[in-house]
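Taking it in order: structure first as C-alpha cells, then the write-up.
In the working numbering, the protein residues as written are 67 to 191.
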C-alpha cells in the first residue's frame, strides 16, 4: 500500500473522530441555557456546517482514498483539508483570549498529515 494512501486512511480516522467530537459538541451546545438564544443558534449552525465539511473530508479520505490522491479534484480536496486545519490552528492565535494547546496541536498534526499526503504522492508519481 502506498504511503499516501496509508496517510489518507490515518486522516480518515482522525476526521471520523473529529466528526464524533463535533456531534457531541453540537448536542452540548443545544442544551446550553446560559447563552443568548441567537448566539447559541449561531454556534449550532457553525458547528453543524463544520461537522458536515469534516465529514466530507473523512469520506473522501476513507472511501475513495485511491481516487483522492490521483486526480486534480482529489488533490484539491487534500489542499482544502490542509487549509481547513491550518487556518483553524492560526485562528487560535487571533480569536480566543488564549491559545488552547490541544486544539493547536491537533490542527498542526492534521495539517502536517495532509501535507505529507501531497509530498508522498509526488514522490511516488
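C-beta: ideal position from N, C-alpha, C; glycine also.
Of the residues the options, which one's Cα is nearest the Cα of residue i?
| i | options | result |
| --- | --- | --- |
| residue 117 | 86, 157, 162 | 86 |
| residue 74 | 144, 152, 164, 161 | 144 |
| residue 153 | 114, 100, 177, 187 | 177 |
| residue 110 | 122, 125, 82, 94 | 94 |
| residue 151 | 123, 187, 162, 163 | 123 |
| residue 76 | 129, 141, 188, 160 | 129 |
| residue 70 | 101, 131, 160, 89 | 131 |
Would you tell me roughly how many angstroms separate the C-alpha atoms of residue i and residue j, rounded to the nearest one?
| i | j | result |
| --- | --- | --- |
| residue 168 | residue 79 | 18 Å |
| residue 147 | residue 183 | 11 Å |
| residue 136 | residue 103 | 45 Å |
| residue 98 | residue 68 | 45 Å |
| residue 164 | residue 149 | 22 Å |
| residue 157 | residue 91 | 19 Å |
| residue 186 | residue 96 | 41 Å |
| residue 134 | residue 162 | 34 Å |
Going along the chain, which residues of its own chain have a beta-carbon closer than 6 Å to the beta-carbon of residue i, five neighbours each way excluded?
| i | result |
| --- | --- |
| residue 139 | none |
| residue 210 | Nothing about residue 210 can be reported from this structure: the residues present for the chain run from 67 to 191 only. |
| residue 84 | 120 |
Determine the extent of the alpha helix (DSSP H) in which residue i is found, giving its start and end residues.
| i | result |
| --- | --- |
| residue 120 | 103–128 |
| residue 156 | 138–157 |
Leaving aside the five residues before and after residue i along the sequence, list all residues of the same chain whose C-beta is less than 7 Å from its C-beta, in chain order.
| i | result |
| --- | --- |
| residue 81 | 120, 123, 124, 127 |
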